[in-house]
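Numbering (the working numbering), first residue to last: 2 to 347.
Note that CB positions come from ideal geometry on N, CA and C, so glycine has one too.
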Amino acid sequence: MPLLDVPSMVRLQEEFRLSMKQLLGELCLDLEGQYADVAKSLTLPVAYFRFLGQALERDAYAHWKVVGWIEALNDLVYFIDLLQQIREEQNLPEFAAQLFVECEEKFFENSYLDDLFPRGVSQASGLERRLNQLCARLTQELTQESLSLVPGLPMLWCASRKIPSQTMEVQLGHNVERAEMLGTMAVGIEGDSYEAPLSVKRALKQSFGQATILIRPRELSVKIGRTVTPLCTMRGNRMEWSWKHRPPVMAMETPSGAITVGPTLVYGKDRQPRTVASTSVDQVRRIKQAWAIVQEAWPEGHELLALLTARIIPLKAKGVVSFSYRHRPGLSFINCFDRDNLDLID
């Protein structure tokens, strides 16, 4: 009997969807209840997160973008709880030592350990300030990601709540974890993105990616410095984008959904991510060919692979093995450059 089969995995994914939806509801309850004061001080839009949770379709709760967002919110609630604890803690060195060990064990895929203990050792002095800074950063990242999970939802939120305008600070530089390029916005969960005009990209480089999204009931705009440029406008029930639409690049259509290919994550000589670049047509062709060969040679394995994979990010990195994140299931980073075709299939 195989360890994994498609029907069993389908059942597990359905249970996983339900658990993620339940987790989001519980986190919002916590932020509205026992952590309400801290959430308010961080300007965390918990009501909008609930609104988003209601708008997400059932299948979306197993998608890597939505799962990663909910897991990050779970992390934030954990650190908010610690922030409340540290304000009443009598033995700060012991508190710091325990937290240091927990971060080493639980968060080896994140930068939290470096954020809280930049010297690489347990350090009690300044820990409350660093915890607060981490919570503020996670709040900004979560809020930004929440704006683009369901196209048009921020405008609908303002319209339904009769909010004339709202602003959100965003970072539109290279995003390594999701492999998003400078000056692009990935919208929805199908792989679509919108690319800024050259003038906006130049402004973003000067601002180090910092920008502000202006949200109105029927319009989204981007403000960089003093310059405001349109992003999206509602025309009746249709969204009209001012930025150039980049449709998803398909590797293969499967019964489980489309497998898309994202931009390439480029590493430096120090084996650290350096930038995110466009993926060449040749690399997309090789990935498609590898998928087709796996499908022909191992149909059962291909079914499972298709069920567990939604997006492939090519890696251009010598000496770096392919990987995926536990908190973003379905997103696979594959080293395509220092591999021949047989290695790529493997």
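Residue 187 has 194 as its beta-bridge partners, per DSSP. Between residue 71 and residue 21, the C-beta spacing is below 9 Å. When only Cα atoms are considered, residue 135 and residue 282 end up about 39 Å apart. As computed with DSSP, residue 228 is found in a beta bridge with 225.
Only residues of its own chain outside the window of five on either side were considered, and among them 180, 263, 266 and 334 have a CB closer than 6 Å to the CB of residue 314, listed in chain order. Here residue 25 is buried. Its C-beta has 16 or more other C-beta atoms within 10 Å. Annotation: the continuous beta strand (DSSP E) that includes residue 171 extends over 167 to 172.
In the three-state reduction of the DSSP assignment, residue 123 falls in the coil class. Fully enclosed alpha helix (DSSP H) runs of no fewer than 4 residues occupy 93 to 107 and 113 to 117 of the region 91 to 138, in order along the chain. The Cβ-Cβ distance between residue 63 and residue 17 falls below 9 Å. Between residue 311 and residue 261, the gap from beta carbon to beta carbon is short of 9 Å. Counting along the chain, residue 301 sits inside the alpha helix (DSSP H) bounded by residues 300 to 309.
Linking residue 200 to residue 246 through their CA atoms gives a straight-line distance of about 17 Å. Residue 318 counts as buried, since at least 16 other C-beta atoms from the protein chains shown sit within 10 angstroms of its C-beta. Residue environment for residue 298: exposed (fewer than 16 other C-beta atoms within 10 angstroms of its C-beta).
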